[in-house]
Each structure stands twice: as C-alpha cells, then as structure tokens.
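Trainee:
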Amino acid sequence: MSDKKTWTLTNVDERTWLDSFDLSSDIIAQASPLPWTIKKRTLHGGLTDGVDVIEVDNGAFFFTVVPTRGMGLWRGEYDGCKLGWRSPVKGPVNPAFVNQVDCGGLGWLQGFDEWMCRCGLASFGPPVKDVIVDDEGNSSEADLTLHGRIANTPANRVELEVTTGNPPVLTVVGVVEEAMLFFPQLRLTTRISTEVGSNRITVSDEIVNLKDTPAEFEILYHCNFGPPFMAAGSRLVSPTRRVAPRDPLSGEGMANVFEYGPPVPGFVEQVYWHSLASDADGNSLILLRNADGDRGAVLRFNVNELPCFTQWKNTAAISEGYVTGLEPGTAFPNPKTFERSRGRIITLEPGERYHADVTVEVHTTPDGVSSVEDEVTALLDGVDPEICPAPLPEWSVV
C-alpha cells in the first residue's frame, strides 16, 4: 500500500515561504532502488535575483522546476545529455525584470530561456489588438502581448510530495493564478512527477475558470531543445498526417521540414503546423533524434487535450539561440483573433476544468530510440503525410 508525505514550501495565503529546503532518500525512511534528492533554493545576482528553483534528481534524471516563472522546467540532464538550450538570455530570469509590452509586445523574449515553459492562459501567439468585453458588457480594445502571462507569473503555492512504492514517486505541485479585476481569472494547478530511476517526467495540468462568467482559455507547451538532441542531421520523427508552413518564408524549407541543419548566423525562424495521428484513445507522441540515432527526446500527449502541434525551427548561430521548439497546444500560435475565427479558442464555463498532460522521455541508446520510431510508424499505419507547400487558410493568416 502506498503512502504519501507532503511538505509545503510556499503558501501565500498562510504567509509561508521557505528560502531553502533539502529532502533525500537518506532522510526519508523508505526503500528506494537509487538515492534521490529534492532541493529548493533561491538564486541571487543578475537577472536571476530572487528566483526560486527546485532541483529534482531521481537518481538518473535531473531537472529544475522554477516556481517563480510559472512552474516551468528550466534545465534537465539524463545520462550525461543536457536538456534545454543556450539562450542569449542569462536565466532563469525573475519576471520583475521582464516588461512584456517592450518591443511592440515582444518583451516576453527577455525572460525566455527555459527547456519547457507554458504559453497562455488567456492567450498566446504574437502581439495583437483584441476586443475585451467586461462583466458589464462593455467592449474595449486591449493589446495582447507575445505568448501571454503565465510563464512570468510566480506560483502562490508550492508543495513537494513523495509517494512510497517500488519505485517511489517524486512530485512537485504548484498553483499559479492568472487573474485581474474585470478580466479572466484562471488557475493552473500542476503536478510535475517522476519515478525514482526513470527516464520520464510527466507534467499534469489542470486549469479552472474561477469566475462566475465564461472565460476564454488556451495553453501551449513550448518545449525547447538544443544540442545534443538538435544538431546537424537531427530529425523530427512524428506521426504527421498533414503539415503546412506558417508563412511563405517557412514554405521555402518544406522539402526538409523534418530535418535540421547546422547553425547558420542570421537564420530567420521557420514554423510549421502539424496534424498528428493517434491511437484510439487520442494518445500520440513525437521524437527528436540525433543523426546517429542513439539520442532521442520524446514528448507524449493526447490530441484530444492538445490537438495542435507546432514545430519551431531556429537553426541560428549557437550564440544567437540554436534551438527547436516542439509545441503541443490547444491551438496554433497565431494571433488570438485569428484562432478565435477558426474555432480553436476554448471557452470554460464558470468552475469548469480543463486537463492536459505532457510526458518528456529521454533515450540514450539506439534500441531505445528505435523502439520509439516503431511506435510512430505504427500510428502512421502506412499512410504518408500530406506535405503542403504553402500556408493553409484554415491554419495560417494568409
């Protein structure tokens, strides 16, 4: 029978906050196949000043959760392979140093250097003017900034959980509220879990509308990979049914949409929209593998929860941010006004909850990578993807 122990690190309602906290298999009198640790600390200096981080080591997989930045994942490492990318930003950045309205609404980029961050919750995508209707039915124009507010909103409650078992399960729980008077009030509760000794992390999210009126909602998981998973000759292996470029410039790269080239100084980003196959329950996955086929990063998710998959290619110079974003979401990162016109914006009724899970899995052997490729092949069931050479009106602003 499993037993769960819980520790509170932050609870704003109770004015609880711990500057540091250490937990380990040595402290907990439980059987464990490997030694593990969870450490909470507060960073100081530069743009990181005041940022809380929680470092989890399950004995095989190390990763950092950042409560100050919306419970994003900053970095990871498994079997000597680093997860994340080299951003021009020296983070993790305290949101106090991020002005999202800078540069025409692109200020979100001032803090962007995570391995995985969420975009949303009220909106994501490029800056756009939108019409907001308040509680009294009055309309006003509002400027939506790049990718929304959730990644720059600190958690107001953070807990650690350790569940006994063979193996034990380590969980970081966080609550982040994106709320403002007269505007949407959305709460994200996330559970970031891993089994001791596992090559997996699961991010399990619940979003609830706290208002007594309906509220629009969207979320996208911006999962970012640089070397060693992304490098010259790396490949996206996905059960793609249909893929199209976001814009004409991205269309110039359609012949190599699934492949990645070497770093190119001054490279201009390319973005592609994918529709993915799944099993009968909606479960799907994508794989980013290196040229040798012995390193692979996997995302597993359900297309009933996250139906839109975005591939962001930025094969710029290493110093400029050589990275690919693999991004399951409820919509594509177009202007919210466009996504609304295409019926991809979700409306949550008062008290309604929305669930989404993303599992990250790492393989460092040819057999492991090959087994995931076989899963993708099975989902495709012998059907080649439809490669669209130009943007599609239903997916892109054309």
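When you line the sequence shown up against my numbering, it's residues 49 to 446, in that order.
The beta-carbon is built from N, C-alpha and C at its ideal position, and this holds for glycine as well.
Which residues share a DSSP beta bridge with residue 86?
Mentor: As a working note, residue 86 is residue 38 in the sequence shown. Residue 86 is bridged to 71 and 104.
Trainee: Consult DSSP for residue 329 and reduce its assignment to one of helix, strand or coil.
Mentor: By one-based count along the sequence shown, residue 329 stands at place 281. Note: residue 329 maps to coil in three-state DSSP.
Trainee: What is the rounded straight-line gap between the Cα of residue 139 and the Cα of residue 240?
Mentor: Taking the sequence shown and counting its residues from 1, one reaches residue 139 at position 91. Taking the sequence shown and counting its residues from 1, one reaches residue 240 at position 192. One C-alpha to the other measures close to 21 Å.
Trainee: Could you check if residue 230 is buried or exposed, using at least 16 other CB atoms within 10 Å of its CB as the buried criterion?
Mentor: As a first step, residue 230 is located in the sequence shown; it is residue number 182 there, counting from the start. Per the 10 Å Cβ criterion, exposed.
Trainee: My output table needs one value for residue 157: the three-state DSSP class, helix, strand or coil.
Mentor: Within the sequence shown, numbered from 1, the residue matching residue 157 stands at position 109. Residue state, collapsed to three classes: helix.
Trainee: Would you say residue 325 faces chain B, with C-beta separation under 8 Å as the test?
Mentor: Among the protein chains of the structure shown there is no chain B, as only one such chain exists.
Trainee: Alpha carbon to alpha carbon, what distance is there between residue 207 and residue 178?
Mentor: Along the sequence shown, read from residue 1 onward, the residue named residue 178 stands at position 130. Along the sequence shown, read from residue 1 onward, the residue named residue 207 stands at position 159. Approximately 36 Å between the Cα atoms of the pair.
Trainee: Could you compute how far the alpha carbon of residue 221 sits from the alpha carbon of residue 104?
Mentor: Position 173 of the sequence shown, counting from 1, holds the residue named residue 221. Position 56 of the sequence shown, counting from 1, holds the residue named residue 104. Cα-Cα distance, rounded: 13 Å.
Trainee: Closest to residue 86 by C-alpha separation, out of 141, 244 and 63, would be which residue?
Mentor: For the purposes of this step, residue 86 is taken as the residue at position 38 of the sequence shown. Among 141, 244 and 63, the Cα nearest to that of residue 86 belongs to 244.
Trainee: Return the residue from the list 429, 56, 410 and 234 that minimises the CA-CA distance to residue 342.
Mentor: Looking up residue 342 in the sequence shown gives position 294. Closest option to residue 342, Cα to Cα, is 410.
Trainee: Would you kindly work out how many angstroms separate the C-alpha atoms of residue 432 and residue 289, rounded to a whole number?
Mentor: On the sequence shown, position 384 is the one that residue 432 refers to. On the sequence shown, position 241 is the one that residue 289 refers to. Roughly 7 Å separates the two Cα atoms.
Trainee: Could you give the C-beta distance for residue 348 and residue 336, rounded to a whole number, given that I count them as a contact under 8 Å?
Mentor: Residue mapping note: residue 348 aligns to position 300 of the sequence shown, counting from 1. Residue mapping note: residue 336 aligns to position 288 of the sequence shown, counting from 1. The pair is not a contact, with the Cβ atoms about 13 Å apart (cut-off 8 Å).
Trainee: Residue 166 lies in the beta strand (DSSP E); which residues open and close that run?
Mentor: Here residue 166 refers to the residue found at position 118 when the sequence shown is read from its first residue. First-last of the beta strand (DSSP E) with residue 166: 164-169.
Trainee: Just checking my contact of residue 216 with residue 389 at CB under 8 Å: how many whole Å lie between their CB atoms?
Mentor: Along the sequence shown, read from residue 1 onward, the residue named residue 216 stands at position 168. Along the sequence shown, read from residue 1 onward, the residue named residue 389 stands at position 341. About 48 Å; that fails the 8 Å criterion.
Trainee: Could I get the ranges of all uninterrupted beta strand (DSSP E) runs contained in the stretch 334-414, with 3 residues as the minimum, in chain order?
Mentor: As far as the stretch 334-414 is concerned, its whole beta strand (DSSP E) runs of at least 3 residues are 344-350, 356-363, 370-377, 394-396 and 401-411.
Trainee: Under 8 Å, with one C-beta from each stretch per pair, do the stretch 274-286 and the stretch 308-317 reach the 3-pair mark?
Mentor: In short, these stretches touch, since the Cβ pair count reaches three.
Trainee: What is the DSSP secondary structure of residue 146, counted as helix, strand or coil?
Mentor: Indexing the sequence shown from 1 puts residue 146 at position 98. Residue 146: coil per DSSP, three-state reduction.
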